[in-house]
Amino acid sequence: MVKLDRITTGGGDKGQTSLVDGSRVPKQSLRVEAYGGVDELNSLFGVVLLEALPQGVGPELERIQNDLFDLGADFATPSDGAVGERALRITDNHVKRLEAEVDRVTALLEPLTSFVLPGGTRAGALLHLARATARRVERQAWRLVEEEGVEKINPRALTYLNRLSDLCFVWARLANDGGRADRLWQPCDNC
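In our numbering, the protein residues as written are 6 to 196.
Right, here's the structure in full:
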């Protein structure tokens, strides 16, 4: 169990922060950007939970918020770090749960006939924003892979982010009356 007796430590006042393995890195490092992006996405999900959501989405979203703490810890722990098997890692089971939810929700939706514009209902719009945020965090994580090497990043963490953005998309459509209130892209034929 985590016990936080003191929030202000001063340890980051000179532009560095500690990773889970105790190593110090600059606050602008790609690793910190990756887990910081996860924290931002988790905060956005907190806002989404304030909305009236379709049945089943709220509890699933709360579970995912807990997963995102694991994901942030995963990114904050280099794969070759000293913490070894004690490290929190995203697993195949995390990914499979997202895939099952994407499949469940997709079966409830109107078929797509066009690209979908972000918007519709307020909950739908916020879920589209969460989708775009998840995609940005995924890009940050891939930049981290490029910088540090694939062996230092849990590949399931990258897959998790990809599936999470897919889930946000189908949830947004579900919040838009099962896709009936989606705003569809209208290509400009004679612009």
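We treat Cβ as the ideally placed atom computed from N, Cα and C, and that holds for glycine.
Only a predicted model underlies this, so the values are computations on that prediction, with no experimental measurement involved.
Boundaries (first-last residue) of the beta strand (DSSP E) holding residue i
i, result
"P116", "Where P116 is concerned, there is no enclosing beta strand (DSSP E), given that its DSSP letter is neither H nor E."
"V175", "Run containing V175: none in the beta strand (DSSP E); it sits in the alpha helix (DSSP H), P160 to A180."
Counted within 10 angstroms of its Cβ, other Cβ atoms place residue i as buried (16 or more) or exposed
i, result
"S170", "buried"
"C204", "Limits of the chain in this structure are 6 at one end and 196 at the other, which puts residue 204 out of reach."
"W176", "buried"
"P83", "buried"
"T118", "exposed"
"N159", "buried"
"A112", "exposed"
"N98", "exposed"
"N181", "buried"
Segment limits, alpha helix (DSSP H) that includes residue i
i, result
"P64", "V62 to F80"
"R141", "R127 to E153"
"N47", "L35 to V53"
Proximity to residue i [Cα-Cα], best of the options
i, options, result
"Q191", "F120, A135, E153 and L132", "F120"
"V62", "V110, L163, P31 and D79", "V110"
"D75", "E106, A39 and V53", "A39"
"R136", "L55, W147 and R178", "R178"
"Y165", "L103, G183 and G124", "L103"
"S34", "G20, V43 and Q70", "G20"
"A130", "V53, E45 and G42", "V53"
"V142", "R29, K32, L46 and P31", "L46"
"L172", "R140, P31 and D79", "R140"
"R36", "E67, L66, L58 and F80", "F80"
"L163", "I95, Q60 and V25", "I95"
"R185", "D10, T126 and V150", "T126"
"D187", "F50, A128, N167 and E56", "A128"
Where residue i falls: helix, strand or coil (DSSP)
i, result
"R29", "strand"
"R185", "coil"
"L58", "coil"
"L93", "coil"
"V88", "At V88 the pLDDT is 46, less than 50, meaning the model places this residue with poor confidence; the figure from the coordinates comes in the next sentence. In the structure shown, V88 sits in coil (DSSP, three-state: anything other than H, G, I, E or B)."
For residue i, the residue or residues it bridges with in DSSP
i, result
"L122", "R188"
is_contact[residue i, chain D] using C-beta, thresh 9 angstroms
i, result
"F174", "In the structure shown, chain D does not exist; there is a single protein chain."
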